[in-house]
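*Asks:* As numbered in this note's numbering, residues 2 to 184 make up the sequence shown, in order.
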Amino acid sequence: MTIDFEQDQQNTIQKTGGIQSLADQVERLEGLQKRLELQEDNIKSTKKEIDHLSGEVIPTMMTEMGLSHLKLVDGSSVDVKPNYSASITIANKEAAFGWLRNNGLGDIIKNEISVSFGRNEDNKAADYAALAEERGYQPTQKLKVEPMTLKALVRERIEAGKEMPTEIFNVFVGNKTTIKRKQ
2 MTIDFEQDQQ
12 NTIQKTGGIQ
22 SLADQVERLE
32 GLQKRLELQE
42 DNIKSTKKEI
52 DHLSGEVIPT
62 MMTEMGLSHL
72 KLVDGSSVDV
82 KPNYSASITI
92 ANKEAAFGWL
102 RNNGLGDIIK
112 NEISVSFGRN
122 EDNKAADYAA
132 LAEERGYQPT
142 QKLKVEPMTL
152 KALVRERIEA
162 GKEMPTEIFN
172 VFVGNKTTIK
182 RKQ
């Protein structure tokens, strides 16, 4: 067996070149990830600024001027309307569901029961649909209120002057400015 030093050196140079090319791509990936992170931070900052102008600055200025609607010369309009949000935390779930049921609003609570089956268990799934717990399967039950349904309920009750426990439902009422451009 003969040793070909020249061929060995060429192989080493090729590997070194490949490693450098790989390192360049890794650096490029890191640079793109950092750039994306900065862009995402910029988006968050812009959204905060929009929320501040839409929810505080413009509504305050319009209120001070005695306006809730403004029509511009070009046909565009600016409106400030109440904006509602609400959520049910895990800690408040029982209290919130209890309050909804006690106030005749239990029908907005979705009650989902599901069972998971493994591969090739279609027959068991069909049997379960007909026989459920008699066959020994344990269903998973999940109670929830859809976020948009809760938001609509909160808006409806607050605007009608009806009781809505804000602490149980994490209710937030603010303003939102909408701009409609003339088409």
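Don't be surprised by glycine CBs; every beta carbon is placed ideally from N, CA and C. The model shown is predicted, which means the values in this text are computed figures rather than measured ones.
Might you give, ordered along the chain, the residues of its own chain that have their beta carbon closer than 8 Å to the beta carbon of Leu54, omitting 5 neighbours on each side?
*Replies:* The residue given as residue 54 occupies position 53 in the sequence shown. Result list for Leu54: Thr178, in chain order.
*Asks:* Could you say if the region 138–152 and the region 41–49 meet the contact criterion of at least three C-beta pairs nearer than 8 Å?
*Replies:* As far as the Cβ criterion goes, the region 138–152 does not touch the region 41–49, which means the pair count is below three.
*Asks:* Among Gln26, Ala126, Lys145, which has the Cα closest to the Cα of Asn112?
*Replies:* Walking along the sequence shown from the start, residue 112 turns up at place 111. The option with the nearest alpha carbon to Asn112 is Lys145.
*Asks:* Indicate the three-state DSSP secondary structure (helix, strand or coil) for Val27 in the structure shown.
*Replies:* Taking the sequence shown and counting its residues from 1, the one referred to as residue 27 is at position 26. If DSSP states are grouped into helix, strand and coil, Val27 belongs with the helices.
*Asks:* Buried or exposed for Val155, going by 16 or more other Cβ atoms inside 10 Å?
*Replies:* Taking the first residue of the sequence shown as position 1, residue 155 is located at position 154. Per the 10 Å Cβ criterion, buried.
*Asks:* Just verifying my parser: in three-state terms, what is the DSSP assignment at Gln142?
*Replies:* Locating residue 142 in the sequence shown gives position 141, counting from the first residue. Note: Gln142 maps to strand in three-state DSSP.
*Asks:* Please classify Ile89: is it buried, with 16 or more other beta-carbons within 10 angstroms of its beta-carbon, or exposed?
*Replies:* The residue given as residue 89 occupies position 88 in the sequence shown. The residue in question, Ile89, is buried, as its Cβ has 16 or more Cβ neighbours within 10 Å.
*Asks:* Whose C-beta lies closer than 7 Å to the C-beta of Pro83 among residues of the same chain, with five residues either side of it excluded?
*Replies:* Here residue 83 refers to the residue found at position 82 of the sequence shown. Val174, Asn176.
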